[in-house]
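Right, one structure below, let's go through it.
Chains as they are written, first to last, in the UniProt record's numbering: chain A, 1 to 628; chain B, 1 to 458.
Printed below as a string of C-alpha cells:
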C-alpha cells in the first residue's frame, strides 16, 4: 500500500551535480519542487576527482552561473586552489579550474538548497516512476510514499544497476559503496527506453601523512583572485598546492605482470569506458612506448588527510594497487585509505531525448547527467540546470529553453547527445564546439544572463548590474572606434614601450588596440575613458575589438547555422513517404526525430542530398498547406 | 529560402557554339553588373539582352566578349532575378566566365539547385515535387560519381595526405588546449604551425598550378603544329580556327609576334602555341630550327605532326618524330588529293600508338576524323562530356582556391601574433574544404585523432 505523500510541480530523483541544479532551477523558475536523495548527507558528493572546471568544462560552470545556477557560487566558497588555464593562449580557450574541498562543497550546496524557496528536500529511494498512458504521474519510494507531479527528472548518475569492480571482486553498488538502484533501470526498459552499459573508474585515495612530498614537484595555486561566479565578491587567497610525480618502467612492469588480474582485460568488465580518462592499465597497454605517466596528488580538502591520486585510475586488485604505488617516487610508503575501482552502470541512449531533455517515449519524464551517457560534474550540472528549467516549464505551461551550438557549451553538449548520441561516456572538449571563439569563459554572462532573466532565473538586482556592465562595454567600444590617437611624441613613447612599431600617422584607438602588442592598459594611458571600467569590462572591450575580424567570421557562420535551425520539421513528418530519401537516412531520422533541418543535417548517416530532399519535401508541405 | 546568388553553366558542354552561365538570386543583377562593361545592367529593362565585355575582377582586365540577358523576378525560371551570360562555347571560355562569376562572390550551384529554387518559389507545379527530388538525388549521385571518377588516384591521395597533415597539427593544438598540463606533447607554437601549414599551402599551390584538369580548364591543351615547310600547317591552323570560332588573345606583356589562339574542338580546349610563327614564316622549323622547336615541343600537351602524303618521308620528318617521342601526338597525312608517295607502313611504325589520320585540308576531307582523334586523346575514351563533368572540376579548383585563401588567412593571423587557437579556426576551415573535395564529412575524426595520438588523462 502506498500513501499520498504530497503533490508537486516537479520531482527530481537524485541529488548529485545534475539533481541539485535541476531542483534549484525548477524552484527558481517558480515550480513547487521536490528533490529526493538516497542520502541527504551525500548531496553533490564528488565520487571521483576533487576538482571542478578545466577547458570547456570550466566554461560550462560559468554558463550555469550566468543562468543562475549553483555550481560556480559553491565552488567559489569551497575551493582550496584555483587557476586560470591556457592563459598564454587566446581568450576562447581560457578556463578556470578549482581544486575542491569535497566535504565543504557538500555542506555549502546543502545549505543553499535548504534555503531555496519552492524546494523540498527528502531522503528516500525511489522504487518506481508512476506512468499512465505514457504520461508521468509521480514516483513511489521504497517506503511506499507516493509523490505526485506532472514532470519528473531522473538524475541517478551511475547508480542504475551500478556494479563496482576491483580485481576479481565485483558487487552491486553505486559509487563509493552507496546503494545502487535496480528497479528504476528495469522499469525504464519496460517503458521502452533503450539503455547501454558504460564504465568509468577512479583511483585510490591515500593518507597525506604517508606521502614523501620531497620527491615530488609542487603545483601551486594562483594568488590572483579568481571566481567562477559573476556574483562572487569574496575570494579565497589562502591556497593549498597539489603535487606532481610520475610512474616509471618499474611501475609499468608491475602493471604488465598483473594484467591478467585486471577485470578490464579478463573480460569481466563489459561496459564501454571513456578514452579521455583511461585507467593506468589502459595507458600502459595502449601507449607502451611511453616511459612514464604523470600523477597529480590532489588534496581532497583542508580538513582531511585524504589525497586523490590523479592518473592512477585502476580496477586492479588492491594489493597490486599497493605494489604499483611502491614504485612511484613519493608514494613508496603511501597508505591506501580507499582503493581505486571501476564502476559499470546503465545509461539511457540519449538520442531518445528531445533537446529539452524530455524523453520522447514518456511525456513529462526528463533525464539529466551521467544517466544520459556523459561523465563529469560540470556536464551533469549543465544538463541538470536545463532539465530543471524545462521540466518546470512543462508543468507551468511555459516555453522550454533550448540553447543552440553558438550560445553555449551546454548547447553543444545537449545537441551532440540528442542528435549524435555517444558510444562512450561523453566529455566536453573545446574541439566539439565549432564556434568556440564565441563560447568564451569571459562572456558567458553576455551570452546567457538576458535569457536567464527572462525566465525568472536571475534576480532583478543582478540583472541591473549586468545591463550596466553591458552598457559600459558597448559605450567604450564605440568610443574607441571613434577616438583618434595622434602621433605626438608622448604617444610614440608609450607605443614604443609596448614593443610595436611607431605610428606613421594618427590612428583610430580601436585599430591600435588590434595590434598584437597593444593591450587595453596602453589604450587607457593613451586615451583614458571618462567612465570607470572594471577589469572584466576592460577585458571585454579588448577581446571584442582585438578579435573583431574573427568574431565577424564566426557570426557569419552562425547566421548560416541559424538559418537551417529555423527550418522546422513538422511533428507528423513521415520519412518513409519521402521519395528519394536514402533508406539509411530515413532510418536515422526516424530514430532521432530532429526538430529542425539544421539538427537533421548533423545526424550521422544523413548526407547533403538527403537534406536537400528533406527541405524540398517540407517546403512542399508548406505550399500544400497554404494553397489547400 | 536561401536567396544567395548561385551560378552554374547551364548549357551542355562540348559542341555548342555558345554556352551560358546562369546566375540566380537576389544579387544576380548587381553581381553581374560589377563584372560587365558596356551597359549598366541594373537599369536595363527586364528580359533584354546586351552586348558587352566581362572583366576579370582579379586583374581588372577584359576576359571575354559576352551577351548578358537580364531577367527580373518573378517571371523567370526560378522566380528570382536571373542573369544569363552567353559566351563562346567550349570549356575554356565558359569555365573562365564561371570562375570569374564565382570569384566575384556567387556560389557554385549545387546539383539541381535551380530546379529546386524554381520549385520552392512556387514556379513548378506541386505534382512535380517528387520528380524534383529524384532529380536532386540523381544529379547528386552522378556528380559524386563523376567527381570521384574524375579525380585521379594521385590527386585524391595527395589531398588525403594534406588533410592528415592538417589533422595531426590540429589534434596537437587541441591537446594543448584541452590538456594544458599534459607534458608529453610538444607545445604547438605559431612557428611550428607556420611551418606545417606552409607545407600544405605549397602543395595546394602546386596542385592548383599543375593539376592536369585544372590546368587544361584554365589554359587549354597546349598544342603545337609541326611539320616541314609546305605540308599544310597553316591550312590546318586555319581549318581549326574557322571551324571552331577561335578567340584571339594577345599574351600580356609581349608583342604581337606571340599570339595564342584558343579553339574549341568538340569541347576540348586547344591553345595553339606560337601560331603567329607559323602564320608569318609559314614554317616554325625553318624559323627557329629543330633545336628550338624541340623546346617548344616539350612545353606542349599535344603535338599535331603534319606530313605530306604526296612526298616521301624525309630525314627531317624522322627527326620531328624523334623530337615528339613520348608525347601525345596525332600524325596527319595531309594532301591526300595528291598521288601517294609516302610509306604509310613506315609512318605507322614511327607513330607507334599515336593515331595517324589522312586528310586533305584543302578539300575539307578527314577533318571529322581529326577532331574525333583530338577529342578522344583528351577524354581518353573514358569520360563523356556530360554537364556535371567539368562543373565538378570547377568545384575542385574553387575549393582548392578557398583552401589556399584560408591558409593565407591563417598565415596572416600568425604573422600578426594572433593566438594559435584562433589561427586554428582558419586551419580547421582548410581541412574541411579539402574534405569537401574528397567527399569526407567532418564527423568525429579530430577527436578520434586526439585520443589515438596522445595518452590523455585529467
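A virtual CB, placed ideally from N, CA and C, is assigned to each residue, including glycine. All figures in this text were calculated on a predicted structure; none of them were measured in a lab.
1. Classify residue 213 (chain A): buried if its beta carbon has 16 or more other beta carbons within 10 angstroms, exposed otherwise.
2. Please report the Cβ distance between residue 426 (chain A) and residue 417 (chain A), rounded to the nearest whole angstrom; I am assuming they are in contact, meaning their Cβ atoms lie under 8 angstroms.
3. Can you list the residues of chain A that residue 180 (chain B) reaches, using a CB-CB cut of under 8 angstroms?
4. Please state if the CB of residue 270 (chain B) and the CB of residue 320 (chain B) are separated by a distance shorter than 9 angstroms.
5. Tell me which residues share the same chain as residue 313 (chain A) and place their Cβ nearer than 8 angstroms to its Cβ, disregarding the 5 neighbours each side in the sequence.
6. If you check the beta carbons only, do residue 509 (chain A) and residue 475 (chain A) fall under 9 angstroms apart?
7. Is the shortest distance between the beta-carbon of residue 36 (chain B) and the beta-carbons of chain A less than 9 angstroms?
8. What I want to know is whether the C-beta of residue 617 (chain A) ends up closer than 8 angstroms to one or more non-hydrogen atoms of the ligand SAM.
9. Do you know how far the Cα of residue 114 (chain A) is from the Cα of residue 338 (chain A)?
10. Just the Cα atoms here: how many angstroms apart are residue 629 (chain A) and residue 421 (chain A)?
11. With distances taken from CA atoms, which of A:172, A:106, A:141 is nearest residue 13 (chain A)?
12. Taking the alpha carbon of residue 437 (chain B) as the reference point, which residue from B:412, B:206, B:401, B:426 has its own alpha carbon closest?
13. With respect to the alpha helix (DSSP H) encompassing residue 522 (chain A), which residues constitute its N-terminal and C-terminal limits?
14. Report back the beta-carbon spacing between residue 411 (chain A) and residue 398 (chain A) to the nearest angstrom; my notes put them in contact at under 8 angstroms.
15. Would you give the residue range spanned by the beta strand (DSSP E) that residue 431 (chain B) belongs to?
16. Please tell me whether residue 510 (chain B) has its Cβ less than 9 angstroms away from any Cβ of chain A.
17. Counting only Cβ pairs nearer than 9 angstroms, list the residues of chain B close to residue 421 (chain A).
18. Ordered along the chain, which non-local residues of its own chain (more than five positions away) have a Cβ less than 6 angstroms from that of residue 308 (chain B)?
19. So, under 8 angstroms CB-CB, residue 318 (chain B) and residue 350 (chain B) are touching, yes? Tell me the CB distance rounded to an integer number of Å.
20. One question on the structure: do residue 6 (chain B) and residue 72 (chain B) come within less than 9 angstroms of each other, judged by their Cβ atoms?
21. I need the straight-line Cα distance from residue 369 (chain A) to residue 538 (chain A), nearest angstrom please.
22. Can you name the residues of chain B whose CB is closer than 8 angstroms to the CB of residue 329 (chain A)?
23. Please report the straight-line C-alpha distance between residue 472 (chain A) and residue 163 (chain A), rounded to a whole angstrom.
24. Return the first residue and the last residue of the alpha helix (DSSP H) that residue 17 (chain A) is part of.
25. Under a Cβ-count criterion, where at least 16 other Cβ atoms within 10 Å of its own Cβ denotes burial, should residue 218 (chain A) be classed as buried or exposed?
26. The alpha helix (DSSP H) with residue 558 (chain A) in it runs from where to where?
27. Check each residue of the stretch 496-530 of chain A: if its Cβ is closer than 9 angstroms to any Cβ of chain B, include it; give the result in chain order.
28. Closest Cβ-Cβ distance between residue 192 (chain B) and chain A: below 9 angstroms?
29. Would residue 419 (chain B) pass as an interface residue toward chain C - the criterion being a Cβ-Cβ separation below 9 angstroms?
30. Measuring CB atoms only, is the stretch 376-384 of chain A touching the stretch 13-28 of chain A, in the sense that at least three cross pairs come out at less than 8 angstroms?
31. Over the uninterrupted alpha helix (DSSP H) stretch that includes residue 323 (chain A), give me the two end residues.
32. What is the rounded straight-line gap between the Cα of residue 182 (chain B) and the Cα of residue 294 (chain A)?
33. Got a sec? Which residues, its chain only, sit under 7 angstroms from residue 350 (chain A) by beta carbon, not counting five neighbours each side?
34. Going by DSSP, what residue range makes up the alpha helix (DSSP H) through residue 411 (chain A)?
35. Taking residue 90 (chain A) as the query, report the chain B residues whose CB atoms sit under 8 angstroms from its CB, ordered along the chain.
36. Which of the three DSSP states is assigned to residue 61 (chain B) in this structure?
Based on what the coordinates show:
1. Here residue 213 (chain A) refers to the residue found at position 213 when the first chain is read from its first residue. So residue 213 (chain A) ends up on the exposed side.
2. Residue numbering aside, residue 426 (chain A) sits at position 426 when the first chain is read from its first letter. Residue numbering aside, residue 417 (chain A) sits at position 417 when the first chain is read from its first letter. At roughly 6 angstroms, the Cβ-Cβ gap stays under 8 angstroms, so residue 426 (chain A) and residue 417 (chain A) are in contact.
3. Within the second chain, residue 180 (chain B) is the residue found at index 180, counting from 1. Those within 8 angstroms of residue 180 (chain B) in chain A are 55, 85, 86.
4. The residue labelled residue 320 (chain B) in the question sits at position 320 within the second chain. The residue labelled residue 270 (chain B) in the question sits at position 270 within the second chain. No. Outside cutoff.
5. Residue numbering aside, residue 313 (chain A) sits at position 313 when the first chain is read from its first letter. Closer than 8 angstroms at the Cβ level, and outside the excluded window around residue 313 (chain A), lie 201, 202, 203, 277, 278, 279, 280, 340.
6. Counted from its first residue, the first chain places residue 509 (chain A) at position 509. Counted from its first residue, the first chain places residue 475 (chain A) at position 475. Not closer than 9 angstroms, so no.
7. Taking the second chain and counting its residues from 1, one reaches residue 36 (chain B) at position 36. Chain A contact via Cβ: absent.
8. The model on display carries no ligand, and the ligand SAM is accordingly not part of it.
9. Translated into positions along the first chain, residue 338 (chain A) becomes position 338. Translated into positions along the first chain, residue 114 (chain A) becomes position 114. Each residue's alpha carbon lies about 30 angstroms from the other.
10. Residue 629 (chain A) lies beyond the range of chain A shown here (1 to 628); nothing can be said about it.
11. As a first step, residue 13 (chain A) is located in the first chain; it is residue number 13 there, counting from the start. Ranking the options by Cα distance to residue 13 (chain A), first place goes to A:141.
12. Residue 437 (chain B) sits at position 437 when you count from the first residue of the second chain. For the residues B:412, B:206, B:401, B:426, the minimum Cα distance to residue 437 (chain B) belongs to B:401.
13. Your numbering for residue 522 (chain A) matches position 522 in the first chain. Looking at the DSSP string, the run of the alpha helix (DSSP H) that includes residue 522 (chain A) is 520-526.
14. Residue mapping note: residue 411 (chain A) aligns to position 411 of the first chain, counting from 1. Residue mapping note: residue 398 (chain A) aligns to position 398 of the first chain, counting from 1. Not quite, the Cβ-Cβ distance comes to about 19 angstroms (not below 8 angstroms), so this is no contact.
15. Within the second chain, residue 431 (chain B) is the residue found at index 431, counting from 1. From DSSP, residue 431 (chain B) is part of no beta strand (DSSP E) but of the alpha helix (DSSP H) over 420-438.
16. For residue 510 (chain B) there is no data in the structure shown, the boundaries of chain B being 1 and 458.
17. For the purposes of this step, residue 421 (chain A) is taken as residue 421 along the first chain, with counting starting at 1. Simply none; closest approach about 11 angstroms.
18. Here the question's residue 308 (chain B) lines up with position 308 in the second chain. Around residue 308 (chain B): 231, 335.
19. Walking along the second chain from the start, residue 318 (chain B) turns up at place 318. Walking along the second chain from the start, residue 350 (chain B) turns up at place 350. Confirmed, about 7 angstroms.
20. Position 6 of the second chain, counting from 1, holds the residue named residue 6 (chain B). Position 72 of the second chain, counting from 1, holds the residue named residue 72 (chain B). Taking 9 angstroms as the Cβ cut-off, residue 6 (chain B) and residue 72 (chain B) do not qualify as a contacting pair.
21. Mapped onto the first chain, residue 369 (chain A) falls at position 369. Mapped onto the first chain, residue 538 (chain A) falls at position 538. Approximately 36 angstroms, taken between the alpha carbons.
22. Working through the first chain from its first residue, we reach residue 329 (chain A) at position 329. Neighbours of residue 329 (chain A) on chain B: none; closest Cβ ~16 angstroms, over 8 angstroms.
23. Working through the first chain from its first residue, we reach residue 472 (chain A) at position 472. Working through the first chain from its first residue, we reach residue 163 (chain A) at position 163. Roughly 54 angstroms separates the two Cα atoms.
24. Along the first chain, read from residue 1 onward, the residue named residue 17 (chain A) stands at position 17. 17-28 is the extent of the alpha helix (DSSP H) around residue 17 (chain A).
25. Translated into the one-based positions of the first chain, residue 218 (chain A) becomes position 218. Residue 218 (chain A) should be labelled exposed.
26. Counting from one through the first chain, the residue named residue 558 (chain A) turns up at place 558. Its alpha helix (DSSP H) spans residues 548-565.
27. 514, 515, 516, 517
28. Taking the second chain and counting its residues from 1, the one referred to as residue 192 (chain B) is at position 192. No, no contact with chain A.
29. Among the protein chains in the structure shown, which are A and B, there is no chain C.
30. yes
31. As a first step, residue 323 (chain A) must be located in the first chain, where it is residue number 323. Per DSSP, residue 323 (chain A) belongs to the alpha helix (DSSP H) from 318-326.
32. For this step, residue 182 (chain B) is matched to residue 182 along the second chain. For this step, residue 294 (chain A) is matched to residue 294 along the first chain. Looking at the two C-alpha atoms, the distance is approximately 8 angstroms.
33. Numbered from 1 along the first chain, position 350 holds the residue referred to as residue 350 (chain A). The residues are 372, 373, 417, 418, 421, 422.
34. The residue labelled residue 411 (chain A) in the question sits at position 411 within the first chain. Run containing residue 411 (chain A): 409-415, per the alpha helix (DSSP H) assignment.
35. Locating residue 90 (chain A) in the first chain gives position 90, where the first residue counts as 1. In chain order: 418, 419, 420, 421, 422.
36. Counting from 1 along the second chain, the entry for residue 61 (chain B) is found at position 61. Correct three-state label for residue 61 (chain B): coil.
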